[in-house]
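J.: Pasting in a structure now, in structure tokens, and then I'll have a few things to ask.
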Amino acid sequence: MATAIAAQTHTITVLVDNRPGVLARVSGLFARRGYNIESLTVSITDNPNMSRMTIVVAGDADTLEQITKQLHKLIDVHKVFDYLDTPMLERELVLLKVQSEPERRAEILQLVEIFRGKVVDIAERAMVIEVTGGGDKIDSFEKQMETFGIRELVRTGRIAMMRGSRTV
Amino acid sequence: MAKIKSTGAKALLESLRREGVEIIFGYPGGAVIPLYDEIYHCEFLQHVLVRHEQGGGHMAEGYSHATGKVGVCIGTSGPGATNLVTAICDAMMDSIPMVAITGQVRTEVIGKDAFQEADITGITMPITKHNWLVKDVNDLPRVMHEAFHIARSGRPGPVLVDIPVDVFRAVVEYDPDEVENIEISSFKSDFKVHKVQVKRAAELIAQAKQPVLYVGGGAKAAGAEHLVQALAHKTGFPVTTTLHGLGAFPENDPLSLGMLGMHGTAYANLAVEHSDLLIAIGARFDDRVTGKVSSFAQNAKVIHFDIDPGEINKVRRADVSIVGNCAEALEALLPMVDETQDISEWRAQLDAWRTDMPLEFNDGANDGTLHAEWVIREIARLTDRNVVVTTDVGQHQMWAAQHFGMRSPRQFITSGGLGTMGFGLPAAIGASFGVGPDKDVWCISGDGSFQMCIQELIVATIYKLPVKIAILNNTFLGMVRQWQEMFWQKHYSSVDMERAPDFVKVAEAYGMLGLRCESVDDVEATIRKAMETEGPVLMDFRVVKETNVYPMIPSGQTVGDMIVRKPQQVEEPESTCHYQPRDTRMPVVDEVVDVAR
Ligand SMILES: Cc1cc2nc3c(=O)[nH]c(=O)nc-3n(C[C@H](O)[C@H](O)[C@H](O)COP(=O)(O)OP(=O)(O)OC[C@H]3O[C@@H](n4cnc5c(N)ncnc54)[C@H](O)[C@@H]3O)c2cc1C
Ligand SMILES: Cc1ncc(C[n+]2csc(CCOP(=O)(O)OP(=O)(O)O)c2C)c(N)n1
Ligand SMILES: [Mg+2]
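Chains as they are written, first to last, in the numbering used here: chain A, 1 to 168; chain B, 169 to 765.
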């Protein structure tokens with residue numbers, strides 16, 4: 001299980017009004033106060049008036065405290081949750097287009113199997129693989145694929161949720 | 169109440185009426201003509217036609233500062249809106265409640281680079297508490313009430329409502345009572361004071377041997393000055409204020425240490441430096457106060473009262489923090505503190521510093537020179553300090569802060585956080601509308617700053633406002649010149665203001681009395697003449713050109729680096745820079761960190 005404090009990055013979930021301009025307000029706040037965003041995802045929620053942002057930030061505990069407080073001051077922000085004392089699940093998805101010469105396909109498929117990935121598209125000399133998991137898992141899958149030649153790669157950025165029955 | 173039918177413009181004015189707005193400062197243009205047409209017919213509202221939207225913004229600020237009410241200003245789309253930006257940012261930095269209303273191009277052409285289109289909500293996003301682009305007239309009445317609510321609640325600040333011209337003309341059917349009952353679930357401003365924290369504060373207070381109260385603008389915003397005074401008098405703790413705290417504690421009180429910080433009194437800064445308990449009340453540890461943060465009040469525990477949770481631990485970690493309205497918090501604290509605490513040793517130390525290092529000034533009695541500090545002291549004496557004072561930005565501002573001797577809150581209005589030259593005159597005009605014709609408003613300005621919003625003079629003339637403008641004319645951008653003298657080997661790059669308009673003629677051209685004072689002997693007569701004259705007066709005091717504001721703690725440095733007074737004449741006669749000039753072009757790394765918050 002990932003812990004929130006590892007390596008001075010923190011995952012925060014921000015519930016915001018689903019309104020134009022909200023993303024600009026949040027990202028603008030990070031930019032002007034000099035907070036570093038490692039990744040940011042936005043998605044709909046079960047409530048059509050709300051969006052959910054998952055932001056991975058780099059910084060120490062003081063920075064995290066300031067980020068949380070400054071986010072709360074934005075009128076569009078309803079909730080900020082930092083997972084500091086809560087076990088959480090985090091996931092990312094990667095689509096990876098890898099060079100696949102016919103003679104190396106089997107090798108690649110074996111790795112896909114190990115990482116519980118999926119081949120979602122295949123062409124003569126390339127295939128697209130989908131893998132989900134924690135950031136570390138995806139990092140190491142990427143590393144494995146490097147030897148074959150990565151042609152293109154896209155990651156969604158982290159999403160997170162509390163374990164257990166509690167909700168944000 | 170039943171629903172009513174009205175245009176967007178009319179609904180907007182109805183919301184202003186319900187919010188108790190009596191005066192607005194604005195400038196028309198294509199996108200707001202429909203609004204101005206409603207204003208033309210409106211009876212409850214006074215509209216002041218300013219001469220530049222920035223002036224209107226600062227008038228709204230001055231009005232707000234003097235009255236505690238929300239200031240309102242208007243600009244048209246595009247350049248009208250962008251001209252408001254400086255004033256909006258100024259209000260943000262100094263926590264002044266303000267509603268800025270801007271016109272926008274027609275909804276259907278937004279985003280097409282239409283004539284006079286500017287994305288003003290985008291531009292002002294980081295300098296407002298919140299802003300709105302109202303594309304649907306049905307949202308307008310509610311948004312207006314939300315705007316006022318957000319501007320004045322919690323930590324006050326500016327908001328902006330951007331309204332396309334067609335929305336002003338569109339018809340809305342709404343219940344005006346209903347839209348007044350706003351509820352913004354995501355906006356929290358009424359933080360309840362935490363009793364446990366108050367108790368912990370009382371415990372720290374009981375243990376303190378060398379305490380200092382550090383009082384800021386928030387104490388005035390809360391109307392908590394009498395509680396600050398009660399706390400000081402009950403405990404016997406000395407009080408220092410920030411630039412914005414001036415007036416929250418009368419400076420003729422023996423417990424007053426005056427202002428702290430870069431140009432604060434030596435004894436206030438020494439007191440903070442040696443304190444073991446710093447009680448911050450509505451003050452935000454600005455870098456002009458702390459200098460190098462890691463050295464600021466190093467041995468002190470900190471109790472921090474602030475209504476904005478974001479201020480707690482932002483610059484300095486607090487040992488006890490009390491989030492909420494500081495008036496409420498002080499009320500809870502007062503009964504818990506002891507009146508028999510003995511800090512006489514500390515008080516004796518403070519008195520010794522005060523005697524050793526008083527604020528110095530030259531009254532010209534010996535050498536006949538005319539000094540800005542002396543003019544300010546004479547204005548204070550002759551007006552019996554029974555006036556409102558606004559300032560511009562620079563040396564004159566710091567001298568006003570040091571030498572006027574503020575007595576009451578809402579008396580001193582200045583641009584602190586942004587340091588906006590040009591603020592003084594329009595702020596004085598706004599303040600004068602706020603306090604009415606029976607109270608004089610003195611604008612203490614500099615020859616540089618004054619030229620930045622000079623066009624608003626005509627407003628003072630038209631309304632016969634008792635605004636008395638004292639330009640402390642040193643023919644320099646004095647504050648910048650001071651830094652160049654002290655830290656840049658006297659390279660006077662672009663600070664010479666010798667070539668200036670004749671300010672007396674400017675006054676006359678704008679229809680007011682202009683007076684020039686070139687000698688220390690004429691200071692009293694000039695001030696008296698201004699006081700006796702009805703309406704606005706402009707005074708051009710030709711003060712000594714090259715003098716510096718002392719004490720001074722150079723930017724990012726410590727109390728140990730404080731330069732208390734003008735260094736004595738030493739060898740090199742051709743230079744007026746008599747102490748080791750410190751090269752600030754190569755700052756030490758942690759200094760950069762300190763100021764680059
Ligand atoms: C040339 C120049 C030189 C300067 N030199 C100095 C100097 O030597 N010394 C100095 O002090 N300043 C100086 N300043 C001003 C300085 O930059 C800051 O503007 C000022 O110090 C901030 O004052 P403050 O801490 O009182 O905070 P303010 O900006 O007045 O902020 C008020 C604080 O109170 C809080 N608050 C608001 N309402 C309430 C409430 N109801 N209850 C509780 N809290 C509340 C707010 O959240 C905020 O944190 C200078 C400015 C200029 C332009
Ligand atoms: C709009 C703006 N531009 C530039 C500055 C930088 N600045 C600070 S003080 C100052 C000089 C002010 O000169 P003056 O008004 O004559 O006052 P003095 O210092 O001479 O009393 C300048 C240029 C500023 N604060 N505001
Ligand atoms: Mg000057």
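Where a beta carbon is used, it is the ideal one built from N, C-alpha and C, also for glycine.
Taking Glu-341 of chain B as the reference, which of B:Val-691, B:Ala-177, B:Ala-693 has the closest Cα?
T.: Glu-341 of chain B has its Cα closest to that of B:Ala-177, out of B:Val-691, B:Ala-177, B:Ala-693.
J.: So with Cβ pairs under 8 angstroms, would you call Phe-355 of chain B a contact of chain A?
T.: Phe-355 of chain B counts as touching chain A.
J.: How would you label Met-654 of chain B, buried or exposed, when you count the other beta carbons within 10 angstroms and need 16 or more for buried?
T.: buried
J.: Under the three-state reduction of DSSP, which class applies to Lys-73 of chain A: helix, strand or coil?
T.: In this structure, Lys-73 of chain A counts as helix in the three-state DSSP scheme.
J.: Going by DSSP, name the residue or residues bridged to Trp-610 of chain B.
T.: B:Val-557, B:Lys-636
J.: When the distance is taken between beta carbons, is Lys-388 of chain B closer than 8 angstroms to Gly-413 of chain B?
T.: yes
J.: Could you give the distance in angstroms between the alpha-carbon of Pro-406 of chain B and the alpha-carbon of Ser-512 of chain B?
T.: 11 angstroms
J.: Under 8 angstroms between C-beta atoms, does Gly-703 of chain B make it to chain A?
T.: no
J.: Below 8 angstroms between beta carbons: does that hold for Ile-159 of chain A and Thr-68 of chain A?
T.: Not closer than 8 angstroms, so no.
J.: Taking the CB atoms as reference points, tell me whether Ala-434 of chain B and Met-730 of chain B lie closer together than 8 angstroms.
T.: yes
J.: Three or more beta-carbon pairs under 8 angstroms between the segment 342 to 361 of chain B and the segment 378 to 393 of chain B, yes or no?
T.: no
J.: For Ser-661 of chain B, which residues from the same chain have a beta carbon less than 7 angstroms from its beta carbon, with the 5 sequence-adjacent residues on both sides left out?
T.: If we look at Ser-661 of chain B and ignore the five residues flanking it on each side, its Cβ neighbours are Gln-652.
J.: Assuming Pro-326 of chain B contacts Thr-296 of chain B (C-beta within less than 8 angstroms), just tell me the rounded distance between them.
T.: 5 angstroms
J.: Hey, could you find the ends of the beta strand (DSSP E) Val-571 of chain B is sitting in?
T.: It is His, not Val, that sits at residue 571 of chain B in the sequence shown. Counting along the chain, His-571 of chain B falls outside any beta strand (DSSP E), though it belongs to the alpha helix (DSSP H) covering 563 to 571.
J.: Out of curiosity, what's the CA-to-CA distance linking Arg-19 of chain A and Asn-49 of chain A?
T.: Looking at the backbone, the Cα of Arg-19 of chain A and that of Asn-49 of chain A are separated by about 8 angstroms.
J.: Which word fits Arg-33 of chain A, buried or exposed, when buried means at least 16 other C-beta atoms lie within 10 angstroms of its C-beta?
T.: exposed
J.: According to DSSP, is Leu-501 of chain B helix, strand or coil?
T.: helix
J.: Starting from Met-293 of chain B, follow the beta strand (DSSP E) in both directions and report where the run begins and ends.
T.: Per DSSP, Met-293 of chain B belongs to no beta strand (DSSP E) and is neither H nor E.
J.: Pick helix, strand or coil for Pro-379 of chain B, following the three-state DSSP scheme.
T.: strand
J.: Got a sec: is the Cβ-Cβ distance from Met-145 of chain A to anything in chain B below 8 angstroms?
T.: no
J.: Within 10 Å of its beta-carbon, does Gln-8 of chain A have 16 or more other beta-carbons around it, so buried, or fewer, so exposed?
T.: exposed
J.: Does ligand 1 have even one heavy atom less than 7 angstroms from the beta-carbon of Asn-827 of chain B?
T.: As displayed, chain B neither begins before 169 nor continues past 765, which places residue 827 of chain B out of reach and without an answer.
J.: Give me, in chain order, the residues of the same chain whose beta-carbon lies closer than 7 angstroms to that of Gln-365 of chain B; leave out the 5 immediate sequence neighbours on both sides.
T.: Val-488, Ser-489, Ile-490
J.: If you draw a straight line from the alpha carbon of Ile-291 of chain B to that of Ile-544 of chain B, how long is it in whole angstroms?
T.: 39 angstroms
J.: Which bits of chain A does Ile-352 of chain B rub up against, with CB to CB less than 9 angstroms?
T.: Ile-75
J.: Let's see if you can read the secondary structure: which residues bound the beta strand (DSSP E) around Glu-479 of chain B?
T.: In the DSSP assignment, Glu-479 of chain B falls outside any beta strand (DSSP E) and carries neither an H nor an E.
J.: Give me the chain A residues within the contact set of Gly-478 of chain B, using Cβ-Cβ distance strictly less than 8 angstroms, ordered along the chain.
T.: Gln-66, Lys-69, Gln-70, His-72, Lys-73
J.: Using a Cβ-Cβ cut-off of less than 7 angstroms, give me the residues of the segment 24 to 56 of chain A that come near chain B, in sequence order.
T.: Taking 7 angstroms as the Cβ-Cβ cut-off against chain B, the residues of the segment 24 to 56 of chain A that qualify are Ala-24, Arg-25, Gly-28, Arg-32.
J.: May I ask whether a heavy atom of ligand 2 can be found less than 7 angstroms away from the beta carbon of Ser-489 of chain B?
T.: no
J.: Could you give the distance in angstroms between the alpha-carbon of Lys-460 of chain B and the alpha-carbon of Gln-725 of chain B?
T.: 5 angstroms
J.: Buried or exposed: Val-302 of chain B, going by 16 or more other Cβ atoms within 10 Å of its Cβ?
T.: buried
J.: So, at 6 angstroms on beta carbons, what are the nonlocal neighbours of Glu-740 of chain B in its own chain, with the 5 sequence-adjacent residues on each side left out?
T.: The predicted position of Glu-740 of chain B is uncertain, since its pLDDT is 48 and thus under 50; a value taken from the coordinates is nonetheless stated next. Same-chain partners within the cutoff: there are none.
J.: Just to confirm before moving on: does the CB-CB distance between Glu-229 of chain B and Met-266 of chain B stay below 8 angstroms?
T.: yes
J.: Should Met-665 of chain B be counted as a contact of ligand 3 given a C-beta to heavy atom distance under 7 angstroms?
T.: yes
J.: Who pairs with Tyr-767 of chain B in a beta bridge, going by DSSP?
T.: Since the first residue of chain B shown is 169 and the last is 765, residue 767 of chain B is not available in this structure.
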